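In our numbering, the protein residues as written are 356 to 493. Glycine residues also receive a C-beta, built at the ideal position from the N, C-alpha and C atoms. All values derive from a computational prediction rather than experimental measurement. The structure appears right after this line, and notes come after that.
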């Protein structure tokens, strides 16, 4: 199988998602882009929860199970993104990569400080995620 730059006559993810028109192609691009953003944001938030659970000694069994379910969910999302990339369509691949990049940028700019504050709290009730606006302190 080779990489393709075609905009029609390929399948994304499952048999019912055939792309035969320009509208379907644009929809597939948008859906792939949005899915990659969601995967990246969700992955980072689940990873933060996993770190918080593992930082406590000894970790609670219930929270460890929740972290394990989160880890499995994170892996599932990444495998689905990989299957989307395996359409071997260059435009879909670029949409997924751009979505991951934008998702990471959104996380780094808007969520990283809030999640870091949450991770640094020693007890569960110490620090809620701040509701401050993230922006310039000029």
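Exposure of residue i, with buried meaning 16 or more beta-carbon neighbours within 10 Å
i: residue 420; result: exposed
i: residue 375; result: exposed
i: residue 371; result: exposed
Own chain residues within Cβ distance below 6 Å of residue i, not counting five before or after
i: residue 362; result: 380
i: residue 455; result: 391, 395
i: residue 409; result: none
Span separating the alpha-carbon of residue i from that of residue j
i: residue 358; j: residue 387; result: 17 Å
i: residue 385; j: residue 413; result: 44 Å
i: residue 470; j: residue 405; result: 12 Å
i: residue 382; j: residue 411; result: 44 Å
i: residue 364; j: residue 457; result: 28 Å
i: residue 401; j: residue 451; result: 20 Å
i: residue 482; j: residue 435; result: Note on residue 482: pLDDT 42, under 50, position unreliable in the model; the coordinate value appears next. Answer to the nearest angstrom: the Cα atoms are 34 Å apart.
i: residue 440; j: residue 389; result: 14 Å
i: residue 467; j: residue 476; result: 14 Å
Cβ shell of residue i (< 7 Å), same chain only, five flanking positions each side left out
i: residue 377; result: 362
i: residue 438; result: 368
Those residues which DSSP pairs with residue i across a bridge
i: residue 470; result: In DSSP, residue 470 forms no bridge with anything.
i: residue 374; result: 365
i: residue 359; result: 444
Anticipated Cβ contact below 8 Å, residue i with residue j, distance rounded
i: residue 398; j: residue 368; result: Actually they do not touch by this definition, with Cβ atoms about 19 Å apart.
i: residue 407; j: residue 474; result: 5 Å
i: residue 445; j: residue 360; result: 5 Å
Close Cβ partners of residue i (< 8 Å) along its chain, the five nearest in sequence each way excluded
i: residue 449; result: none
i: residue 426; result: 401, 405
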